[in-house]
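Structure, as structure tokens:
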Ligand code: C2E
Ligand code: MG
Ligand code: MG
Ligand code: MG
């Protein structure tokens with residue numbers, strides 16, 4: 354590590370920092386090409402209603418097919434495209450692809466599917482968001498009532514006033530709104546209810562420990578019962594075991610998504626999955 358004297362203090366500069374910065378720039382450059390070369394792909398994770406034993410919809414989750422069959426998960430690149438602003442273009446592409454493919458699938462198989470798509474904070478700040486969403490729905494012929502947009506609590510709370518307006522306009526189009534990773538932020542359910550929100554998605558970090566950690570179990574139970582009181586729907590994500598399924602179902606949360614049912618699937622595998630309809634044998 355080298356030390357440079359900046360007059361009134363020291364500035365540390367290490368090889369490690371240099372390498373990281375270079376790697377970051379390379380990644381940004383690769384992502385720029387990935388958008389142009391269409392290296393992104395939308396996967397779909399099925400969502401279920403346990404009490405009705407029914408596939409109800411899917412969540413669109415983006416993947417990056419970088420090279421030679423290497424599939425890069427979103428944690429590796431979403432933060433980068435968020436910092437560069439490329440997320441606005443990528444997010445629009447994901448929404449269009451997802452609407453296109455699910456519309457095609459439900460027409461072909463005659464099975465209605467709800468579609469959830471994640472929205473990042475940057476997209477939310479984009480003044481043309483409403484216009485873009487409307488245009489994509491028209492172009493793909495996707496019914497607005499079957500679309501749900503997921504935003505996190507933090508996005509909502511950080512821009513409460515503009516969020517209220519944007520969400521209002523989306524919900525006027527018939528689109529539904531869900532709060533993703535619910536429970537990890539700091540909003541009160543009561544305050545949340547002043548926004549046109551339809552559904553809460555209980556964060557998967559609570560589910561992981563729900564069978565061993567009384568606090569997490571209590572948090573999940575509270576979210577479910579308060580959502581019910583406030584007239585909001587609720588879905589649990591990250592459901593991996595039968596114990597978790599029973600726990601949620603006993604509390605009245607029937608909407609579930611997680612590896613016990615299915616991982617996120619590419620379009621062709623989703624098609625096979627939808628044809629089967631229900632992953633468990635009777
Ligand atoms: P998320 O929206 O909360 O999505 C749920 C994540 O949980 C997905 O990770 C999914 O694969 C994972 N998951 C589902 N069931 C289980 C389970 O039973 N166990 C465990 N351990 N994990 C499960 P994924 O696909 O890696 O996505 C991570 C995050 O990246 C998403 O979290 C979302 O915040 C973001 N993301 C993904 N696609 C998009 C996108 O198109 N736009 C934006 N803005 N963000 C996206
Ligand atoms: Mg999500
Ligand atoms: Mg989530
Ligand atoms: Mg998340």
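In the UniProt record's numbering, the protein residues as written are 354 to 635. For every residue, glycine included, the Cβ atom is placed at its ideal position computed from N, Cα and C. Since the model is a prediction, treat every value here as computed from it, not as a measurement.
With residue i as the anchor, note down where its beta strand (DSSP E) starts and where it stops.
| i | result |
| --- | --- |
| residue 399 | 393–402 |
| residue 512 | Taken as a continuous stretch (DSSP letters only), residue 512 belongs to no beta strand (DSSP E), as it is neither H nor E. |
| residue 471 | 467–471 |
| residue 532 | 529–535 |
Do you know how far the Cα of residue j is from the Cα of residue i?
| i | j | result |
| --- | --- | --- |
| residue 521 | residue 549 | 6 Å |
| residue 401 | residue 421 | 33 Å |
| residue 463 | residue 396 | 20 Å |
| residue 508 | residue 473 | 8 Å |
| residue 570 | residue 557 | 12 Å |
| residue 380 | residue 599 | 43 Å |
| residue 617 | residue 595 | 19 Å |
| residue 410 | residue 370 | 44 Å |
| residue 540 | residue 513 | 11 Å |
| residue 493 | residue 519 | 22 Å |
| residue 580 | residue 553 | 8 Å |
| residue 631 | residue 608 | 14 Å |
| residue 354 | residue 367 | At residue 354 the pLDDT is 43, less than 50, meaning the model places this residue with poor confidence and gives no usable figure here. |
| residue 606 | residue 566 | 19 Å |
| residue 627 | residue 611 | 16 Å |
| residue 543 | residue 576 | 11 Å |
| residue 562 | residue 534 | 15 Å |
| residue 383 | residue 374 | 14 Å |
| residue 644 | residue 615 | Nothing can be reported for residue 644: it is not among the residues displayed for the chain, which extend from 354 to 635. |
| residue 406 | residue 482 | 35 Å |
| residue 504 | residue 585 | 15 Å |
| residue 564 | residue 403 | 19 Å |
| residue 604 | residue 572 | 12 Å |
| residue 436 | residue 378 | 12 Å |
| residue 386 | residue 525 | 36 Å |
| residue 621 | residue 399 | 13 Å |
| residue 419 | residue 392 | 6 Å |
| residue 511 | residue 538 | 11 Å |
Along the chain, where does the alpha helix (DSSP H) containing residue i start, and where does it finish?
| i | result |
| --- | --- |
| residue 495 | Unbroken run through residue 495: none, as it is neither H nor E. |
| residue 545 | 542–545 |
| residue 586 | Note, residue 586: premise wrong, no alpha helix (DSSP H); beta strand (DSSP E) at 586–590. |
| residue 416 | Taken as a continuous stretch (DSSP letters only), residue 416 belongs to no alpha helix (DSSP H), being part of the beta strand (DSSP E) at 407–418. |
| residue 450 | 440–462 |
| residue 559 | 557–561 |
| residue 380 | 368–389 |
| residue 623 | 620–629 |
Please classify residue i as buried or exposed, where buried requires at least 16 neighbouring CB atoms within 10 angstroms.
| i | result |
| --- | --- |
| residue 588 | buried |
| residue 479 | buried |
| residue 424 | exposed |
| residue 590 | buried |
| residue 426 | exposed |
| residue 582 | exposed |
| residue 477 | buried |
| residue 633 | exposed |
Item checked: By C-beta, the residues closer than 5 Å to any heavy atom of ligand 2, given in chain order -> 471, 503 and 533
Note to self: Using a Cβ distance threshold of 8 Å, determine whether the stretch 467–484 contacts the stretch 518–529, with at least three qualifying pairs required.
What the structure shows: yes
Item checked: the stretch 440–454 in contact with the stretch 411–431 per 3-pair CB rule at 8 Å -> yes
Note to self: Quick check: the stretch 472–490 against the stretch 454–462, are at least 3 beta-carbon pairs closer than 8 Å?
What the structure shows: no
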